[in-house]
Structure formats: C-alpha cells, structure tokens
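Novice: Position 68, counted from 1, in the sequence shown is what this note's numbering calls 71; the numbers after and before it change by one each time, with no gaps. Ideal Cβ placement from N, Cα and C applies to all residues, glycine included.
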Amino acid sequence: MWRLPRRMEEIALLVYGRGRREVEVAEELGVSRQAVNKALKEARGRLAEMFLSLAEILDADIVKVDVKRGYAVLRLRQLGEKAYVVYVPQKGPRILFERGVELEGGRASYQEVVEAALKWGLIREAKDLGKALRELIAMMES
C-alpha cells in the first residue's frame with residue numbers, strides 16, 4: 004500500500020519527472036499509450052491516497068499536494084509545524100519535519116529524499132546535501 008508497483012513508478016517518473024510524452028514512454032517500454040495513461044492515472048490516485056492516509060495518521064491538515072511531482076506538505080495539528088512528504092521510488096513516502104534538518108543524524112535518509120527529488124524534477128542538483136534540502140523545501144513551499 005505504501006509503494007507503487009515498479010513499472011507504475013517508472014512510467015510516472017519518465018512522464019512527470021523527466022517531462023517525456025506518453026507516446027514516447029509507450030514506445031520505449033513497448034506498451035500502448037492507453038496503458039501508460041492508465042498507469043499514470045492509477046499512480047496519481049495511489050499517491051493521493053498515501054498522502055491522505057499520512058495526514059490522517061499524523062493528525063495533520065493538508066497544505067499542498069502535487070501527486071504529479073510526488074510530494075505533499077502537511078501541517079501537524081498537535082505541533083503546529085509543517086511536514087514535507089516526498090515519495091521515494093521503491094521505498095515509499097519519506098517525511099522531513101519543519102523543526103529542523105540534522106544532517107549528522109539522518110544523512111542517509113536525507114540523501115534518499117534528495118535523490119528522489121532529483122528524479123521527480125523538484126530540484127536541479129544535489130552536490131551539497133544541505134543546500135539541496137533547503138532548495139527542495141523552498142520549492143515545496145512555493
């Protein structure tokens with residue numbers, strides 16, 4: 004439930020992350036354009052369901068959702084702070100909390116979020132992890 008099927012992820016990342024046309028993706032993968040369209044529709048629905056479920060579990064209000072770019076911004080009711088959710092391919096949703104990003108303690112998990120943000124086209128580069136995280140959060144806030 005918390006991960007998209009591999010092929011569905013691949014299609015979503017090609018179309019939404021890299022900006023490829025459905026027809027091109029269909030030809031590349033050897034499937035029909037209708038199959039690509041159906042996979043995209045299903046991916047959007049599943050991502051929306053994941054983000055809604057997380058909001059309910061965390062007792063949060065949804066500030067912003069962009070299923071085509073694989074992220075959501077939530078406001079935690081109990082703490083009054085924001086949570087930034089990014090769908091990490093093959094792993095599922097990952098959450099960054101507004102309170103602060105400690106690079107020393109969570110470097111590996113932050114790295115996978117930044118790599119996912121690159122795949123979704125949310126950020127341009129990830130040479131500096133701290134800078135990439137700040138760019139990601141700023142983009143999600145805009």
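Given this structure, state the Cα-to-Cα distance separating residue 38 from residue 90, to the nearest angstrom.
Specialist: As a first step, residue 38 must be located in the sequence shown, where it is residue number 35. As a first step, residue 90 must be located in the sequence shown, where it is residue number 87. Rounded to the nearest angstrom, the two C-alpha atoms are 22 Å apart.
Novice: Beta strand (DSSP E) containing residue 97: first to last residue?
Specialist: Against the sequence shown, residue 97 aligns to sequence position 94. 95 to 100 is the span of the beta strand (DSSP E), which, as asked, contains residue 97.
Novice: Closest to residue 69 by CA distance: which of 14, 5, 123 and 135 is it?
Specialist: Here residue 69 is taken as the residue at index 66 of the sequence shown, counted from 1. Looking at the Cα atoms, 123 is the closest of the given residues.
Novice: Using C-beta distances below 8 Å, list every residue in its chain close to residue 93, excluding the 5 sequence neighbours before and after it, in chain order.
Specialist: On the sequence shown, position 90 is the one that residue 93 refers to. Hits under 8 Å: 6, 9 and 12.
Novice: Which of helix, strand or coil does DSSP assign to residue 36?
Specialist: Translated into the one-based positions of the sequence shown, residue 36 becomes position 33. Reduced to three states, the DSSP call for residue 36 is helix.
Novice: Closest to residue 141 by CA distance: which of 24, 65 and 74 is it?
Specialist: Numbered from its first residue, the sequence shown carries residue 141 at position 138. Residue 141 has its Cα closest to that of 74, out of 24, 65 and 74.
Novice: For residue 46, tell me which candidate among 132, 98, 19 and 135 has the shortest Cα-Cα distance.
Specialist: Sequence index remark: in the sequence shown, residue 46 carries index 43 (1-based). Among 132, 98, 19 and 135, the Cα nearest to that of residue 46 belongs to 19.
Novice: In angstroms with no decimal places, state the Cα-to-Cα distance between residue 52 and residue 58.
Specialist: The count along the sequence shown starts at 1 and reaches residue 52 at position 49. The count along the sequence shown starts at 1 and reaches residue 58 at position 55. The alpha-carbon atoms of residue 52 and residue 58 are separated by roughly 10 Å.
Novice: For residue 97, which option in 67, 117, 62 and 138 has the closest C-alpha, if you only look at C-alpha atoms?
Specialist: Here residue 97 is taken as the residue at index 94 of the sequence shown, counted from 1. If we check each option's Cα against that of residue 97, 117 comes out closest.
Novice: Take the Cβ of residue 110 as the centre, count every other Cβ of all protein chains shown within 10 Å, and call the residue buried at 16 or more, exposed below.
Specialist: Along the sequence shown, read from residue 1 onward, the residue named residue 110 stands at position 107. It counts as exposed.
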